[in-house]
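The numbering of the sequence shown is the working numbering, which starts it at 117 and goes up by one. Note that beta-carbon positions come from the ideal geometry of N, C-alpha and C, so glycine has one too. Just below is one structure, and these are the notes that go with it.
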Amino acid sequence: MRTAILIGPPVPGSPLESDLESLGYDDVRTAADVADAATVLALLPEDGRVALVDSRFVGHRHSLRLTLADPRFPGAAVPGVVAVRTPAARTALSRAVMRSRTLDGVAEQTAAQLADSDGPLARPELGVLVASVPEDALARAKATDAVAAVDEEKARLRAAVKSRDGFFTTFFISPYSRYLARWCANRGLTPNQVTTASLATAVLAAGCAATGTRAGFVAAGVLLLLSFVLDCTDGQLARYSLQYSTMGAWLDATFDRAKEYAYFAGLALGAANADGDDVWALALGAMVLQICRHVVDFAFNESIAGTAAAAANTSPTAALSERLDRLGWTVWLRRMVVLPIGERWALIAVLTAVTTPRVVFVVLLVGMGLAASYTTAGRVLRSLKRRVPRSEQALRALDELTDTGPLAEAAARSLRAPARSLPPYAAPALAAAGGALLVALALFTPYGSWWPLIGAVGYVLTSALAVARPLAGPLDWLVPPVFRAAEYGLVLALAARSEVNGALPAAFGLVAAVAYHHYDTVYRIRGGTGAPPRRLVRAIGGHEGRALAVTLAAALLTGTRFTLALAAIAVAVALVVLTESIRFWVSSGAPAVHDETGEPA
């Protein structure tokens, strides 16, 4: 139920009441003043949305929509309007109304109370849109003229596009995808439906690539670009119509990776069907590099979580970055050099159409390697100059991102005393040394040797020592991506060295299943709900437990039995993590997480 309380005598000719009704507030009541509004508010049912609106309000309907209809926040306010949707926010609003004489005071007091309880009171960015409470007839006339001077629909479409996107998306997709988003909104389509259509289109593209024919490759490239157009459209539709949802957050957070990995698999199958070229190792390598790049980004950003830590970066690298951001051409160059999803998919699509899968993967690996080197080097330089202590929130997030299982967890408890005497950079050094040794033994010893298993035991110990104390060092945010590189690199190395038919595709499936778990962890942390429960991490062994299991399988099993073991581990991990993930994301307590800052790299 949605109720709007108009405060003050109605203004003749005002469209305010009809605007509220068009936004779903069918129950519109009136109150003589704020005190009367408190009485009306007390008589309303405890559930449902409630909005207090100054009857003198003059503004665009979309200004009201941004305040009244956004489901991501417990409450929102613009001049003359305060709206809440959760019980805690409703309580804060009721208290504020009883203490205030004006609606402006209600907004500020509600915001202060929500900051300590249910979350922030959102202040929508209106841009050129108008939201005002004129004091007299002359001011009202000026405000009305200001409303008429702005093309509301144009401003709404502009706001549907992310404020920070890549070059390809900004100039080659968004100029028309925003209109596709409006077309979808006018026909009642939801962002989730568009997201699903994007996934289906990408899977169809992968199927075309798997045919191995030139016509199939051309069709695959075209369909991949169409999938990306739909991928941009779903977010623009969500922003245009404010259709954010927990299910949408889950789909948006996972489908991009599913589409990309499905397409990689399609290219690998296509190469085999075209001329018998085996590029599964390249496909898996591209997936591993992509995941590690993302984990570097996620871990670094989480390491500076907290206002004090994030705001205190005064390093020369940060200063140079800020200066470059003031030069228009360098902004676009820097966004392109990291090869974000728009540029990456465009590159893959064009190369698929005109070259071979092997060329696609080689170029992609080189491009992503350069991008990863650029972004990681910049983050390392910033971290070395940072002197602000890491917040408790950041320490907790980094600990959750490590994905430490029961073996390393148990060993870490007995290693806490010696870990305290280690130097500041010991954690990433230990993680890197253990991981490098593990992958090297898998690569350079004969398949079936026990050396990789010995390396896995050593990896358990070095991983335990790396996380035996809080990850508070300047470069400790590197520990999670190093763990990811070690685990995925091990699977790739053992599958490639086995030279068993089907081992690399099975390894591809295993890495994809584990990667889903790691992305799921990231998006839960970003949503403020914390990582998956520890019982889930223990059930799938943690990164060190899975490394031990894979090396044991390689030492004991030969031929197709090793392929079957990889496939069995992949299916088991996928079933466990998907079951828990679906339960979480469709639950009422899951957050609506939507990235508004720009494309992921």
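Where residue i sits in the DSSP three-state scheme
i, result
"V692", "helix"
"A424", "Confidence at A424 is low in this model, with a pLDDT of 49, below 50, so the placement of that residue should be treated as unreliable; the coordinate-derived value is given next. The answer is helix: DSSP assigns A424 an H, G or I state."
"V169", "strand"
"I464", "helix"
"A387", "helix"
"V607", "helix"
"A543", "helix"
"V200", "strand"
"S614", "helix"
"R506", "coil"
"L60", "Outside the displayed span of the chain (117 to 717) sits residue 60, for which this structure offers no information."
"T146", "strand"
"A192", "strand"
"V630", "helix"
"R118", "strand"
"I123", "strand"
"V174", "strand"
"S290", "helix"
"A584", "coil"
"A247", "strand"
"K278", "coil"
"G401", "helix"
"W566", "coil"
"S134", "helix"
"Y360", "coil"
"L538", "coil"
"V395", "coil"
Beta-carbon proximity of residue i to residue j, cut-off 8 Å
i, j, result
"A584", "R506", "no"
"L122", "S171", "yes"
"F283", "R451", "yes"
"L168", "A185", "no"
"L546", "A582", "yes"
"T491", "D372", "no"
"D350", "P307", "yes"
"V616", "T676", "yes"
"A718", "L219", "Because residue 718 is not part of the residues shown, which for the chain are 117 to 717, the question remains open."
"A629", "G551", "no"
"L339", "A321", "yes"
"P203", "E162", "yes"
"I407", "F344", "no"
"D135", "L182", "no"
"I198", "V174", "Residue identity differs from the one stated: residue 198 is Val in this sequence, not Ile. No, the pair does not count as a contact, with Cβ atoms beyond the cut-off."
"S248", "P291", "no"
CB-CB length for residue i against residue j, believed under 8 Å
i, j, result
"V411", "P596", "6 Å"
"C718", "A336", "For residue 718 there is no data in the structure shown, the boundaries of the chain being 117 and 717."
"G521", "H659", "7 Å"
"V576", "L497", "Rounded, the Cβ-Cβ distance is 32 Å, inconsistent with contact."
"G458", "T285", "4 Å"
"L400", "A623", "6 Å"
"A670", "S579", "With a Cβ gap of about 19 Å, A670 and S579 do not count as contacting."
"Q352", "R274", "Wrong, their Cβ atoms sit about 10 Å apart, outside the cutoff."
"A378", "A318", "6 Å"
"A212", "Q229", "7 Å"
Exposed unless 16 or more other CB atoms sit within 10 angstroms - verdict on residue i
i, result
"K258", "exposed"
"I464", "buried"
"Q309", "exposed"
"L245", "buried"
"F477", "buried"
"S357", "buried"
"R529", "exposed"
"P126", "exposed"
"V470", "exposed"
"Y635", "buried"
"A424", "Here A424 scores only 49 on pLDDT, less than 50, and its place in the model is too uncertain to base an answer on."
"W396", "buried"
"A427", "Confidence is the limiting factor: at A427 the pLDDT is only 45, short of 50, which leaves the residue's position unreliable, though a coordinate-based value still follows. With fewer than 16 other Cβ atoms within 10 Å, it is exposed."
"F287", "exposed"
"A684", "exposed"
"G605", "buried"
"S719", "Shown here, the chain extends from 117 to 717; a query on residue 719 therefore has no answer."
"T695", "exposed"
"M117", "exposed"
"R69", "For the chain, the structure presents residues 117 to 717; residue 69 sits outside this window and is missing."
"W701", "buried"
message = Below 8 Å, how does it come out for the segment 184-204 and the segment 143-161: are there three or more Cβ pairs, yes or no?
response = no
task = Check whether the segment 559-572 touches the segment 494-511, counting contact only when three or more Cβ pairs, one atom from each stretch, lie closer than 8 Å.
result = no
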